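Novice:
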Amino acid sequence: MLLRMKSPSLPPDWSKVHFPVECARCGHDLFGRDEPTCPACQLEFDWSDAVPLDQLKCNECGYALMGLTEQRCPECGAAFTWEDAVANHRRRAAPLFENRWREAFLRSWFTSLWWAVRPHRLWRDVSVRDTPSMAPLFIMVAVSLLAMCLLVSGQLICQWSFTSWTRGIIVPEYWAQILTRAFSHGAQVAIYAGFWECLVLLLMLPHGQFIQPVSPRKAHIVRIWAYSVCMYGNICFAIVSVLMETINGMQHLLGISQDAQYAASVAVLITWAISYSLVPFGMHRGFRQYLRVSYSWAIALATLFLSFVVFSAIMGLISRL
Ligand SMILES: [Zn+2]
Ligand SMILES: [Zn+2]
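What the sequence shown shows, in our numbering, is residues 222 to 542, in sequence order.
1) Can you tell me where the alpha helix (DSSP H) holding Glu-324 begins and where it ends?
2) In terms of DSSP beta bridges, what is Thr-258 paired with?
3) Using the beta-carbon count (16 or more within 10 Å), is Gly-407 buried or exposed?
4) Between Ala-485 and Val-463, what straight-line distance do the alpha-carbon atoms span, to the nearest angstrom?
5) Ala-300 bridges to which residues according to DSSP?
6) State the DSSP-derived secondary structure class of Glu-319, mapped to helix, strand or coil.
7) Report yes or no: do the region 436 to 456 and the region 385 to 402 share at least 3 C-beta pairs separated by less than 8 Å?
8) Using the DSSP secondary-structure output, state which residues sit across from Glu-243 in a beta bridge.
9) Measure the Cβ-Cβ separation of Thr-302 and Ala-440 and say whether it is below 9 Å.
10) In whole angstroms, what separates the C-alpha of Thr-384 from that of Ala-459?
11) Assign Gly-283 to buried or exposed, taking buried as 16 or more other Cβ atoms, counted over all protein chains shown, within 10 Å of its Cβ.
12) Assuming the contact rule is C-beta atoms closer than 8 Å, Ala-325 and Val-347 should be a hit. Round their C-beta distance to whole Å, please.
13) Mind checking Val-487: buried by the 16 CB within 10 Å criterion, or exposed?
14) Go through its chain and collect everything with a Cβ distance to Leu-223's Cβ below 6 Å, but skip five positions before and after it.
15) To the nearest whole angstrom, what separates the beta carbons of Ile-268 and Pro-257, a pair I think is in contact under 8 Å?
16) Starting from the C-beta of Arg-438, find all residues in its chain whose C-beta is less than 7 Å away, skip the five residues before and the five after it, and write them out in chain order.
17) Are there three or more Cβ pairs, one per stretch, closer than 8 Å when the region 414 to 428 is compared with the region 505 to 525?
18) Hey, would you say the C-beta of Glu-296 is under 8 Å away from at least one heavy atom of ligand 2?
19) Check the C-beta distance from Ile-456 over to Ala-368 and give it rounded, since I have them as a contact under 8 Å.
20) Residue range of the alpha helix (DSSP H) that Ala-484 falls in?
21) Whole angstroms is fine: what's the gap from Tyr-395's alpha carbon to Ser-533's?
22) Using the Cα positions of Cys-370 and Ser-498, report the straight-line distance between them to the nearest angstrom.
23) Nearest by alpha-carbon distance to Pro-232: which of Asp-255, Ile-539, Leu-289 is it?
24) Starting from Ala-285, follow its DSSP beta bridges and name the residues at the other end.
25) What does the alpha-carbon distance come out to for the pair Lys-237 and Met-355?
26) Please report the Cβ distance between Asp-250 and Glu-243, rounded to the nearest whole angstrom; I am assuming they are in contact, meaning their Cβ atoms lie under 8 Å.
27) In this structure, how does DSSP classify Ile-360 when only helix, strand and coil are distinguished?
28) Could you tell me the alpha carbon to alpha carbon distance between Ala-523 and Val-421, rounded to whole angstroms?
29) Hey, Asp-270 and Ala-285: beta-carbon distance below 9 Å or not?
30) Using 9 Å as the threshold, is the C-beta distance between Ser-365 and Met-452 below it?
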């Protein structure tokens with residue numbers, strides 16, 4: 222059997238590196254070092270990945286920038302900064318919302334959702350070296366809450382308008398009422414979900430202090446939260462509540478027997494439980510694969526459990542007021 226030997230990771234020629242090189246996980250300065258291991262948090266890495274000198278290209282014409290002393294492309298004359306060239310190189314790797322939201326808003330959002338459904342793939346291809354930008358991550362979460370609101374209210378609009386049509390009620394005021402009620406219900410569901418997600422994030426952030434000696438940056442934790450809790454969680458929750466409401470509605474409309482409706486609801490609930498378990502799984506993969514934290518399952522399960530306890534307590538208090 223042929224054993225594939227991993228070639229040793231050689232340090233770059235530091236005289237050609239004109240940008241800061243930090244540990245992707247903890248931010249420790251790595252400039253001028255030889256060993257491909259962070260002395261502060263022991264993260265092992267590859268020098269070709271940490272300092273992608275031969276991958277850096279002009280953003281305008283694609284000219285290879287390695288070895289240049291002036292920050293101007295000799296091919297097309299465009300000015301550049303080394304930091305931007307490194308950031309652009311990392312961005313090219315993943316067509317996600319955080320990297321492409323300006324050029325392809327909806328397409329990159331759907332790509333991000335599709336990647337969020339497969340955490341293994343997501344955390345393999347999203348590098349811890351690519352520093353997350355917080356603004357697009359929060360916009361991505363807001364869009365997922367909006368999508369949730371539209372899915373839930375869209376289902377109610379279809380259901381109620383079908384009911385009124387079968388009963389022969391076509392009065393403009395009634396339609397206005399349907400729209401208002403449906404959207405206010407959808408918004409309420411999205412607000413509750415958003416509130417729970419904020420709680421989860423508040424519970425996740427302090428983990429940075431406890432995960433010693435790793436101590437990851439907060440932006441990395443926000444990234445794990447955005448994909449595993451919000452992107453996947455919101456859409457999964459919306460689809461399941463749409464299914465449940467459709468089954469309820471069909472029972473009233475078509476007179477399906479109580480037993481058949483009960484069986485269908487149980488099937489939906491089981492689907493919900495199985496698909497929702499991807500939320501802790503995604504969090505676990507994020508902490509393990511992306512941040513290389515060893516007790517990732519404990520973090521994921523404890524955070525979600527605590528968040529549900531606190532959420533139910535707050536909701537109970539609100540309903541009593
Ligand atoms: Zn480090
Ligand atoms: Zn150029």
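Glycine included, each C-beta is placed from N, C-alpha and C at the ideal position. Remember, predicted model here, so these are calculated numbers, not experimental data.
Specialist: In terms of the structure at hand:
1) Premise fails: Glu-324 is in no alpha helix (DSSP H) and is neither H nor E.
2) Thr-258 pairs with Glu-265.
3) Answer is buried; the Cβ neighbour count reaches 16.
4) The alpha-carbon atoms of Ala-485 and Val-463 are separated by roughly 13 Å.
5) Paired residues: Arg-293.
6) Looking at Glu-319 - three-state DSSP - the assignment turns out to be helix.
7) Output reads no: the region 385 to 402 does not touch the region 436 to 456.
8) Answer is Asp-250, bridged to Glu-243.
9) Against a cut-off of 9 Å, the Cβ pair of Ala-440 and Thr-302 comes out as no contact.
10) Rounded to whole angstroms, Thr-384 and Ala-459 show a C-alpha spacing of 22 Å.
11) Result: exposed.
12) Rounded to whole angstroms, the Cβ separation of Ala-325 and Val-347 is 17 Å, and the two are not in contact under 8 Å.
13) Around the CB of Val-487, fewer than 16 other CB atoms lie within 10 Å, so the residue is classed as exposed.
14) At Leu-223, the pLDDT of 40 sits below 50, so the modelled position is not reliable and the matter cannot be decided from this model.
15) Ile is not the amino acid found at residue 268; the sequence shown has Trp there. About 5 Å separates the two Cβ atoms, so the contact holds.
16) Cβ within range, chain order: Gly-248.
17) Flag = yes, the region 414 to 428 and the region 505 to 525 touch.
18) Yes, the Cβ of Glu-296 comes within 8 Å of a heavy atom of ligand 2.
19) Right, the Cβ-Cβ distance comes to about 7 Å (below 8 Å), so this counts as a contact.
20) Judged by DSSP secondary structure, Ala-484 falls within the alpha helix (DSSP H) whose first and last residues are 479 to 497.
21) If you take the alpha carbons of Tyr-395 and Ser-533, they lie about 35 Å apart.
22) The C-alpha of Cys-370 lies about 22 Å from the C-alpha of Ser-498.
23) When each option's Cα is compared against that of Pro-232, the closest is Asp-255.
24) Bridge pairing for Ala-285: Lys-278 [DSSP].
25) Take the alpha-carbon of Lys-237 and the one of Met-355: they are about 30 Å apart.
26) Going by Cβ atoms, the distance from Asp-250 to Glu-243 rounds to 6 Å, so yes, they are a contact pair.
27) The answer is helix: DSSP assigns Ile-360 an H, G or I state.
28) Rounded to the nearest whole angstrom, the C-alpha separation of Ala-523 and Val-421 is 10 Å.
29) Taking 9 Å as the Cβ cut-off, Asp-270 and Ala-285 do not qualify as a contacting pair.
30) A contact, by the Cβ cut-off of 9 Å.
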